[in-house]
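Here is the structure we will look at, set down as structure tokens.
2 protein chains.
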Amino acid sequence: MKLKSVDISKTASASSIVFEALRRAIIEGDLTEGEPLRQDEIARLFNTSRIPVREAISRLEEHGLVKTQRYKGAVVSGLSVTEAEEIFDFRALVEPEVIRRAVPQMSQETLAQARDSWAAFSEADDPMTWGELNRDFHSVLYQASGLQYHLDIIDNAMDRIDRYLRAQLVLSNGMERANEEHMGIWQACMDGNAELAAERTRQHITGARESLLQNLSNLR
Amino acid sequence: MKLKSVDISKTASASSIVFEALRRAIIEGDLTEGEPLRQDEIARLFNTSRIPVREAISRLEEHGLVKTQRYKGAVVSGLSVTEAEEIFDFRALVEPEVIRRAVPQMSQETLAQARDSWAAFSEADDPMTWGELNRDFHSVLYQASGLQYHLDIIDNAMDRIDRYLRAQLVLSNGMERANEEHMGIWQACMDGNAELAAERTRQHITGARESLLQNLSNLR
DNA sequence: ATATTTCATATTGGATCCAATTTACAATAT
DNA sequence: ATATTGTAAATTGGATCCAATATGAAATAT
Numbered sequence: 001m002k003l004k005s006v007d008i009s010k011t012a013s014a015s016s017i018v019f020e021a022l023r024r025a026i027i028e029g030d031l032t033e034g035e036p037l038r039q040d041e042i043a044r045l046f047n048t049s050r051i052p053v054r055e056a057i058s059r060l061e062e063h064g065l066v067k068t069q070r071y072k073g074a075v076v077s078g079l080s081v082t083e084a085e086e087i088f089d090f091r092a093l094v095e096p097e098v099i100r101r102a103v104p105q106m107s108q109e110t111l112a113q114a115r116d117s118w119a120a121f122s123e124a125d126d127p128m129t130w131g132e133l134n135r136d137f138h139s140v141l142y143q144a145s146g147l148q149y150h151l152d153i154i155d156n157a158m159d160r161i162d163r164y165l166r167a168q169l170v171l172s173n174g175m176e177r178a179n180e181e182h183m184g185i186w187q188a189c190m191d192g193n194a195e196l197a198a199e200r201t202r203q204h205i206t207g208a209r210e211s212l213l214q215n216l217s218n219l220r
Numbered sequence: 221m222k223l224k225s226v227d228i229s230k231t232a233s234a235s236s237i238v239f240e241a242l243r244r245a246i247i248e249g250d251l252t253e254g255e256p257l258r259q260d261e262i263a264r265l266f267n268t269s270r271i272p273v274r275e276a277i278s279r280l281e282e283h284g285l286v287k288t289q290r291y292k293g294a295v296v297s298g299l300s301v302t303e304a305e306e307i308f309d310f311r312a313l314v315e316p317e318v319i320r321r322a323v324p325q326m327s328q329e330t331l332a333q334a335r336d337s338w339a340a341f342s343e344a345d346d347p348m349t350w351g352e353l354n355r356d357f358h359s360v361l362y363q364a365s366g367l368q369y370h371l372d373i374i375d376n377a378m379d380r381i382d383r384y385l386r387a388q389l390v391l392s393n394g395m396e397r398a399n400e401e402h403m404g405i406w407q408a409c410m411d412g413n414a415e416l417a418a419e420r421t422r423q424h425i426t427g428a429r430e431s432l433l434q435n436l437s438n439l440r
């Protein structure tokens, strides 16, 4: 007898579903800085009890996406200018190294996938898919490195600044510049020039840093 | 009327207490790789119910210290050789940069504190306080940078390899070498030579990396 | 009017109970 | 003997209930 195997373990637990939903809502800006997360309300929204909600919230806290106070509950955490700067510095340190080590291992498929994300990105109009495709582009390239720990940590850093990045790239028309820079990075990868890809990635990040800080100081 | 203010919020929640206790137990090696964490058993140990235990476990999972499978429970996660290598690579990338930025901000007190940890370290005999003082030494120096995000991430990386580092530094008599290297790092900080401190930190880490990998391949 | 106190409500943290699933083992068949 | 099936115990995930604390508004005092 032969039967197609179906992965039944995909049926995620309630707490994971709530966790992912809240995570998305926060990084996409649907839940904004300071917004309180009422366990009861969220539980009702997901047709579940407060137990999985609390588990989700405690995991979000480990990710740095919410802050909780005993008996007071959780609020979506924001970023001070200093904290934002620091995360950009961190990315500017780690991501170039990751892509440097990824370049020698990039397959044709990796490069094709990245180009697809980049192409879709350059044509996207709304900031939401824009942000997603931007992340996809970099992520696909980084993944070739096989450095899972680094990838996880980069994801975490991105989770924290995603909102600000996107909001800010709508204001200043950084779309074109980001687009050009993506092309440059992709080309360097295509040429197998790891050092150049790293340097361009570094500039891509420090450029975004400066532009974000500019906007932040204008706003406040 | 004047009254001394006492911070009553320090009375931590049960889940935090369980989390910290389990975290310590794992990084200190009391709970070894693959060891299953039975919610009921842990709950009894801490005179509490399974709810806070589950919260603690889910937080530990975010930290990468345990792995859980639905309906099967959590086990202490180990490190493959590849993963250990990667974490050392990560540290060798991040920590030199942090100390480089910390040096210009180090106060007399910071340096004194670090020297105390180092002195105590060089005289410690049991591996447990050894590990703690080693971490203290580096941590005190890094903290002068004020880079909280970097510090948190370094802590997480240390949590994951702490066990292996310690176990391994008992075997090979790396104590003396670590001691010398600590002296070198401290001296560079004292001299305000940020680049040298960074370079010595990098060598300190890559040295530990090589020595650990040596031992791992000997063992298996 | 302002400040303080009281008290009801809302909210969180934790305990207990129930359902879903796994695991271990005995019973059965080949 | 080995493999398969059935079943009870163990274990986890989630729901409901209770206790501790915070919040906010009314009542009282200055």
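Those protein sequence lines, which keep their order, are chains S and U. Each residue of the first sequence is one higher than the one before, starting from 1 at the first, in the numbering used here. Each residue of the second sequence is one higher than the one before, starting from 221 at the first, in the numbering used here. For glycine and all other residues, C-beta sits at the position ideal for the given N, C-alpha and C.
Flagged as an interface residue toward chain U: S/Arg59, by a C-beta distance shorter than 7 Å. The beta-carbon separation of S/Leu37 and S/Ala74, rounded to 4 Å, stays under the 8 Å limit for a contact.
Assignment of U/Gly293 by DSSP, reduced to helix, strand and coil, places it in the strand class.
Separation of S/Arg115 and S/Arg70 (C-alpha to C-alpha, rounded to the nearest whole angstrom) is 47 Å. Inclusion of S/Leu60 and S/Leu31 in the CB contact set at 7 Å is not warranted, their separation being larger than that value. Put simply, the CB of U/Tyr369 is near chain S, with a gap under 7 Å to one of its CB atoms.
Short of 8 Å from the beta carbon of S/Ala92, and not among the five residues preceding or following it, lie these beta carbons of its own chain, in chain order: Arg202, Ile205, Thr206 and Arg209. Residue pairing by DSSP puts S/Pro36 in a beta bridge opposite S/Val75. Its chain contains Ser337 as the residues whose beta carbon lies nearer than 7 Å to that of U/Asp356, once the 5 sequence neighbours on both sides are disregarded; these appear in chain order. Excluding residues up to 5 positions away in sequence, Gln259 and Ala263 lie with their Cβ nearer than 6 Å to the Cβ of U/Arg270 in the same chain. The beta-carbon of U/Glu275 is placed less than 7 Å from the nearest beta-carbon of chain S. Positions of the alpha helix (DSSP H) runs, each at least 4 residues long and wholly inside the stretch 112-163 of chain S, are given as 127-143 in order along the chain. In terms of beta-carbon proximity, U/Ser233 lines the interface with chain S, with at least one pair separated by less than 7 Å.
For S/Leu65, the closest C-alpha among the options S/Ile27, S/Ala167, S/Ser139 and S/Leu169 is that of S/Ile27. If you compare the alpha carbons of S/Val81, S/Ala167, S/Val98 and S/Asp89 with that of S/His138, the shortest gap goes to S/Val98.
One Cα belongs to S/Ala102, the other to S/Ala178, and the distance between them is close to 21 Å. For U/Thr268, the secondary structure class from DSSP, reduced to helix, strand or coil, is coil. Cβ-Cβ separation between S/Leu147 and U/Glu315: approximately 17 Å, too far for a contact (criterion under 8 Å). Using a CB distance cut-off of 7 Å, S/Glu33 does not count as an interface residue toward chain U. Scanning chain S for C-beta atoms nearer than 8 Å to the C-beta of U/Leu385 yields nothing, as the closest lies near 16 Å away. Distance from S/Glu83 to U/Tyr369 at the Cβ level is roughly 7 Å; contact confirmed, criterion being Cβ atoms closer than 8 Å.
Residues of the stretch 305-318 of chain U with a C-beta less than 9 Å from any C-beta of chain S: Glu306, Ile307, Asp309, Phe310, Leu313, Val314 and Glu317, listed in chain order. When the beta-carbon positions are compared, U/Gly298 and U/Glu255 stay at least 7 Å from each other. Rounded to whole angstroms, the Cβ separation of S/Gln113 and S/Val140 is 5 Å, and the two are in contact under 8 Å.
Closest in C-alpha terms to S/His182, from the list S/Ala197, S/Ala25 and S/Asn193, comes S/Ala197. Around the C-beta of S/Ala119, fewer than 16 other C-beta atoms lie within 10 Å, and the residue is accordingly described as exposed. Distance check between S/Ser15 and each of S/Thr48, S/Pro52, S/Glu41 and S/Ile154 places S/Pro52 closest, using alpha-carbon atoms only. When secondary structure is reduced to three states using DSSP, S/Thr11 falls in the coil class, being assigned neither helix nor strand. DSSP lists S/Ala74 as the beta-bridge partner residues of S/Thr68.
What S/Ile153 touches in chain U, judged by beta-carbon distance under 9 Å, is Phe310, Ile373, Asn376 and Ala377, going in chain order.
One finds nothing in chain S with a Cβ atom closer than 8 Å to the Cβ of U/Arg422; even the nearest lies about 13 Å away. Chain-ordered listing is empty here: chain U has no CB closer than 9 Å to the CB of S/His138, the nearest sitting near 18 Å. Under the 7 Å criterion on CB atoms, S/Glu62 is classed as interfacial with respect to chain U.
Leaving aside the five residues that flank S/Leu133 on each side, the residues in its chain whose CB is nearer than 7 Å to its CB run, in chain order, Ser117, Ala120, Phe121 and Ala124. Counting along the chain, U/Asn399 sits inside the alpha helix (DSSP H) bounded by residues Gly394 to Met410. Cβ proximity to chain S below 7 Å picks out Arg290 from the stretch 284-296 of chain U.
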